[in-house]
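A quick write-up on the structure given underneath.
In my numbering, the protein residues as written are 1 to 771.
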């Protein structure tokens, strides 16, 4: 970081920032990718010029400065014009008319729309982040053509709206300490603003405020120990607001010349490994972590991945060689999955792709892994050519986030939605969200009563009133991991919907159970096994084998007692007896404007296959049980059905449990209960994996008050270690502190032995190893 003496070199820092924001020093004139993006910059800025107003009231004819949106649009366009003027190779480079329009626009916007006489109204973000940051970039770019009065006047406006970047929103509108990406945004504004008048006090205060943005959150918002990132108090957002942080910091670190040894920046670099690399699958950021941005037509999962890749490439010289090789290797593998090109929307993105291609790192494929993000009720498992995510909700994590005209129908996206990824890498990016049936999202148990838009409330207010959501995972072993996860769903909208849902993932299998399914709405209730985007063709190879065979389905069929189903290119589905399956193939038509008020209204058609278990109307204690066999061939599915490799041990409102292949057992105890030779004293989850000479367990208490006591009927032998926490002797009566949850302990009792092992636990699962 700059010392006070270095920080006085404001002209050099300003020039460096302009180089960063324009990317102008990295342009190689004979590369087509640069030519193409420079043409886009030129066309966009020229279009803005044609909209400039002759009136003294507004800068652009369609962006009135007495509206929140008009202020935002005005500064976006002026910034685009300034960048075009300052970037060699554009049609407006050093163009006197373009410069004059920018300067006049800045004067007019400052006088009429953005100054200390105008209190914030509408969206606070416009005033403190959006317009502010565009303005400081404009001022930095055209600095040499500004008068001192203009610099002072615009800095005064910024200081009015952002008096202290450690806080957001004005008094009377919910002023509070800024956190996470919000903190980084505000500090970024003030750091660049300080370059304009050499205010070292503001510069240093903003710089000093950055590290708290990536420190472990003390409240709801920000990064948590397990890599979860929460925004708006309750929304899982690694894949949207979260990615904005490395995107912003990459540029700030370049300005400040950050290195791992420079201070707390090194802590942020570690977060890349924990909070961002795990959320990308084959060049796609998980939609379950993108919040309401899934409804933005111009921001698909691949676009978010391109953002992340650009940020990582920009930071790769700030880390040690080993980390650099790993980061760049992962990014190279993603670039290949993206067809060899990022979403090229800027000079800096083109440069990032070029530097990645030229880097000597060897591509590093994604490794099999299990990620349990307990703080944001998310699971993601990557294995052997496929991956699956589970999205939960609870009293601390919202079902979904609607707001600003976005995502009005996402009621069930956090109700156990399971997203299966495989070789069909366009499954969710190919117009899935504007055309899918939002009441039939895969993995969910849904009441078909139509809910009002934004049911439950906007901006993270739509919480789940169930007892709890959570799980236990085994991932850091030399063999395959696994995860058990449970969610008590209490639906939105007064439908009376309830369901206790269970998943066990491991051994190339996904097993799903549900019980206690109730509803009083009078509409059908269904558990959605699958809702697959077939793109533009029907699934002619789809079949269900039970009492009826279904081929070339058009419309809906009901199948009693199905044994299995098979979908080419996806895999198989195995159903327990006593269930009724609905199979629907249909063409669905929708538009982005229906799910986002700013989206295009063009009608889009996509074909879908939906499989659901029918619970009928007014279900009272209904249940389901099925397994997903990803990537299996038809023959392999048939063989599996003859000898299913799993057993449902229990599916009740007390305990749900499954054993896979006598190797992996998962339990969700909703209350004190017994199942499969294991009893628990109260609510919690337990995962056990038999590895021959040892048994690995992961356990998580979910109740309040007393210890979580687990008793094993079988003799498992003495504990010899607790993986990742401590090692100890062979006598079984040791406490292993792993940080305490106000005295909460896991007590393990084995066989008829009188002694016990007491394991204190905090913030998630205890992972122990039994021999």
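Here a beta-carbon is modelled for each residue, glycine too, at the ideal position from N, C-alpha and C.
Of the choices the options, whose alpha-carbon is the least far from that of residue i?
i: residue 309; options: 671, 652 and 332; result: 332
i: residue 632; options: 275, 512, 698 and 564; result: 564
i: residue 238; options: 656, 291 and 100; result: 291
i: residue 79; options: 318, 68 and 142; result: 142
i: residue 201; options: 108, 163 and 222; result: 163
i: residue 645; options: 665, 282 and 654; result: 665
i: residue 149; options: 179, 124, 168 and 196; result: 196
i: residue 621; options: 500, 352, 667 and 321; result: 500
i: residue 339; options: 348, 353 and 326; result: 353
i: residue 451; options: 423, 377, 690 and 411; result: 411
i: residue 50; options: 41, 628 and 60; result: 60
i: residue 361; options: 28, 635, 325 and 407; result: 325
i: residue 588; options: 608, 581, 29 and 680; result: 608
i: residue 345; options: 685, 274, 34 and 600; result: 34
i: residue 713; options: 614, 677 and 689; result: 677
i: residue 100; options: 138, 634 and 358; result: 138
i: residue 10; options: 182, 191 and 382; result: 191
i: residue 27; options: 223, 348 and 151; result: 348
i: residue 466; options: 388, 382 and 414; result: 414
i: residue 77; options: 47, 66, 384 and 422; result: 47
i: residue 537; options: 506, 545, 576 and 586; result: 586
Just to confirm the assignment, what range does the alpha helix (DSSP H) spanning residue i have?
i: residue 237; result: That residue, residue 237, is in no alpha helix (DSSP H); it is neither H nor E in DSSP.
i: residue 351; result: 347-358
i: residue 397; result: Element bounds for residue 397: n/a, residue is neither H nor E.
i: residue 102; result: 96-112
i: residue 303; result: 301-315
i: residue 582; result: Where residue 582 is concerned, there is no enclosing alpha helix (DSSP H), although the beta strand (DSSP E) it sits in stretches over 580-590.
i: residue 266; result: 265-271
i: residue 34; result: 32-50
i: residue 193; result: 180-197
i: residue 208; result: 200-209
i: residue 82; result: 68-86
In chain order, what residues of the same chain lie with their CB nearer than 6 Å to the CB of residue i, ignoring the 5 residues before and after it?
i: residue 218; result: none
i: residue 133; result: 189
i: residue 584; result: 556 and 610
i: residue 313; result: 352, 355 and 356
i: residue 461; result: none
i: residue 306; result: 342 and 343
Quick check: residue i and residue j, are their CB atoms within less than 7 Å of each other?
i: residue 136; j: residue 193; result: yes
i: residue 304; j: residue 285; result: yes
i: residue 675; j: residue 657; result: yes
i: residue 87; j: residue 147; result: no
i: residue 68; j: residue 126; result: yes
i: residue 394; j: residue 469; result: yes
i: residue 624; j: residue 527; result: yes
i: residue 165; j: residue 187; result: yes
i: residue 289; j: residue 236; result: yes
i: residue 464; j: residue 484; result: no
i: residue 686; j: residue 474; result: no
i: residue 672; j: residue 681; result: yes
Along the beta strand (DSSP E) that carries residue i, what are the first and last residues, could you check?
i: residue 780; result: Outside the shown range of the chain (1 to 771) lies residue 780, about which nothing can therefore be said.
i: residue 696; result: 695-701
i: residue 631; result: Run containing residue 631: none; DSSP gives neither H nor E here.
i: residue 499; result: 498-506
i: residue 607; result: 604-617
i: residue 488; result: 482-490
i: residue 166; result: No beta strand (DSSP E) holds residue 166; DSSP gives it neither H nor E.
Tell me, to the nearest whole angstrom, how far the beta carbon of residue i is from that of residue j; I am working on the premise that it is less than 8 Å.
i: residue 437; j: residue 558; result: Contact doesn't hold; Cβ gap of about 17 Å is too wide.
i: residue 228; j: residue 417; result: Their Cβ separation, rounded to whole angstroms, is 17 Å, which puts residue 228 and residue 417 out of contact at 8 Å.
i: residue 455; j: residue 481; result: No, residue 455 and residue 481 are not in contact; Cβ-Cβ is about 36 Å, not under 8 Å.
i: residue 711; j: residue 679; result: 5 Å
i: residue 246; j: residue 380; result: With a Cβ gap of about 19 Å, residue 246 and residue 380 do not count as contacting.
Among residues of its own chain, excluding the 5 on either side of residue i, which ones have a beta-carbon nearer than 7 Å to its beta-carbon?
i: residue 156; result: 116
i: residue 434; result: 590, 591, 592, 594, 595 and 604
i: residue 432; result: 533
i: residue 519; result: 447, 495, 496, 497, 525, 618 and 619
i: residue 302; result: 283, 284, 338, 343 and 429
i: residue 778; result: Within the shown structure, residues of the chain are numbered from 1 to 771, placing residue 778 beyond reach of any answer.
i: residue 20; result: 251, 254 and 255
Can you give me the Cβ contacts of residue i inside the same chain, cut-off strictly under 8 Å, excluding the 5 residues immediately before and after it?
i: residue 14; result: 140, 143, 195 and 196
i: residue 509; result: 627, 628, 629, 645, 646 and 660
i: residue 119; result: 170
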